[in-house]
Every structure is written in C-alpha cells, then in structure tokens.
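Peer 1: According to my numbering, the sequence shown is numbered sequentially starting from 23. We put the CB at the ideal spot given by N, CA and C, even for glycine. Questions regarding the structure given below will be posed in turn.
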Amino acid sequence: MFCRQLARARREKGMTQSALAQAVACKQSAISMLESGQGEKLSHETVAKIAALLGVPCEPESAGTPAAKVAGGGYCPDAACFSNVPYVVADDLLFWPRPQPAPSDGRHCAYCGELLERLCPHCGARVTDGACCPACGGARVTNTLPPGTDLATWAAQRRREIAEWRSLLS
Numbered sequence: 023m024f025c026r027q028l029a030r031a032r033r034e035k036g037m038t039q040s041a042l043a044q045a046v047a048c049k050q051s052a053i054s055m056l057e058s059g060q061g062e063k064l065s066h067e068t069v070a071k072i073a074a075l076l077g078v079p080c081e082p083e084s085a086g087t088p089a090a091k092v093a094g095g096g097y098c099p100d101a102a103c104f105s106n107v108p109y110v111v112a113d114d115l116l117f118w119p120r121p122q123p124a125p126s127d128g129r130h131c132a133y134c135g136e137l138l139e140r141l142c143p144h145c146g147a148r149v150t151d152g153a154c155c156p157a158c159g160g161a162r163v164t165n166t167l168p169p170g171t172d173l174a175t176w177a178a179q180r181r182r183e184i185a186e187w188r189s190l191l192s
C-alpha cells in the first residue's frame with residue numbers, strides 16, 4: 023500500500039521514475055523496484071528521501087523515532103491493540119506495528135495477548151518493520167472501523183489515547 027502511495031504521488035506531481043531517481047540520487051530501476059513492492063531492496067534513507075520529496079509520510083506522525091525491527095519478528099494483528107499506531111495516508115487507514123516490549127513470551131502480544139503474526143497475511147513474506155509488506159504492499163493490520171468513520175479524526179484521537187496509556191506504563 024505504501025509503495026502504491028508513492029507511485030500515485032509521483033504521478034500526481036507529473037514526475038517520471040527517472041526524474042524522481044535523479045532528484046534523490048538513485049537509479050530509475052530502484053524507483054521501479056520500490057513502486058512494485060520491493061522496497062526492502064532500498065536503504066531506509068533513500069525511501070525516506072523519496073517519501074519526503076513526494077509528500078508521503080514514511081511513518082505516522084508523533085510516532086517518534088523510526089521503528090526498530092518488530093521484536094521477535096512478529097506484530098500484533100489486532101487493530102484495537104495499543105501496539106498498533108494508526109495514521110491516514112491518502113484516505114487509507116494504516117497501522118504501524120510497534121516493537122513488542124520485553125518481557126514478552128515471543129508468541130503473544132505483550133499488550134493484548136493476541137497471537138503475534140510472523141508472516142504477511144497477504145503473500146506470506148517474512149515480517150519487517152512498517153505498516154505494509156514491502157513484498158506485496160498489503161497492510162499488515164486490517165482496518166476494522168465501520169464505513170463512514172472520519173479516519174483522520176479517529177486516528178488522531180487513538181494516537182492521543184495510546185500516548186496517554188503509554189505514559190501510565192512509565
């Protein structure tokens with residue numbers, strides 16, 4: 023999904039893959055790989071430069087520093103879990119799975135107890151950090167909100183709730 027957002031933003035700006043590649047000092051083939059869902063083949067810095075140039079957030083607002091690898095290679099698939107930080111990109115609600123805190127048994131979410139996912143639910147690729155699978159572009163955590171929900175307002179409120187909840191843990 024993130025890869026598709028980048029491709030859509032590039033086209034909306036009227037840029038070719040070659041022009042974008044030149045602007046961020048990489049090869050056109052790297053842009054092509056990124057847009058086809060192979061973002062893991064590019065450095066985080068290059069992807070961040072591309073996203074910034076196109077005006078696409080690389081990670082949710084107020085999520086802090088870039089996410090580390092998801093602890094134990096797993097993430098909680100429950101959209102209601104406080105380990106998943108919501109944000110909106112081009113009218114799509116995405117959830118950024120945050121690392122599981124220690125001590126976790128490595129099989130279950132330390133926040134809600136749900137069984138952790140270790141593979142992409144869409145294509146079976148191994149889990150890396152991020153809201154979407156770099157192999158297929160599919161969202162890791164499924165949006166379960168009812169249709170018609172104001173996504174941006176809901177996501178902002180939910181991030182405030184998560185921040186308040188986490189402050190109570192410290």
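#1: So, for Glu57: in the same chain, excluding its five sequence neighbours on each side, which residues have a beta-carbon less than 8 Å away from its beta-carbon?
#2: Indicate the three-state DSSP secondary structure (helix, strand or coil) for Val46 in the structure shown.
#3: What separation, rounded to the nearest whole angstrom, lies between the Cα atoms of Leu191 and Pro99?
#4: Drop a sphere of 10 angstroms on the beta-carbon of Glu139, count the other beta-carbons inside from all chains shown, and report buried for 16 or more, exposed for fewer.
#5: Closest to Tyr109 by CA distance: which of Leu75, Tyr97, Cys142 and Ala177 is it?
#6: With a cut-off of 9 Å, does the C-beta of Ser105 fall near any C-beta of chain C?
#7: Exposed or buried, which one is Ser189 when buried takes at least 16 other CB atoms within 10 Å?
#8: Going by CA-CA distance only, name the one from Ala73, Cys103, Asp114 and Ala45 that's closest to Ala185.
#9: On the DSSP bridge assignment, give the partners of Leu115 in chain order.
#10: Work out the CA separation of Ala47 and Met55 for me, nearest whole Å.
#11: Between which two residues does the alpha helix (DSSP H) containing Glu136 stretch?
#12: Mapping DSSP to helix, strand and coil, what is Ala102?
#13: Would you check if the distance between the CB atom of Cys142 and the CB atom of Arg162 is smaller than 9 Å?
#14: Closest to Ile72 by C-alpha separation, out of Ala45, Tyr97, Ser51 and Gly59, would be which residue?
#15: Whose C-beta lies closer than 7 Å to the C-beta of Trp187 among residues of the same chain, with five residues either side of it excluded?
Peer 2: On the basis of the data shown:
#1: Only Cys25, Arg26, Leu28, Ala29, Arg32 and Gln39 meet the Cβ criterion.
#2: Helix.
#3: 22 Å
#4: buried
#5: Ala177
#6: Although the question refers to chain C, the structure presented lacks it and comprises just one protein chain.
#7: exposed
#8: If you compare the alpha carbons of Ala73, Cys103, Asp114 and Ala45 with that of Ala185, the shortest gap goes to Cys103.
#9: Val110
#10: 15 Å
#11: First-last for Glu136: undefined, no H or E at that position.
#12: coil
#13: yes
#14: Ala45
#15: For Trp187, same chain residues with a beta-carbon under 7 Å away, outside a window of 5 residues either side, are Phe104 in chain order.
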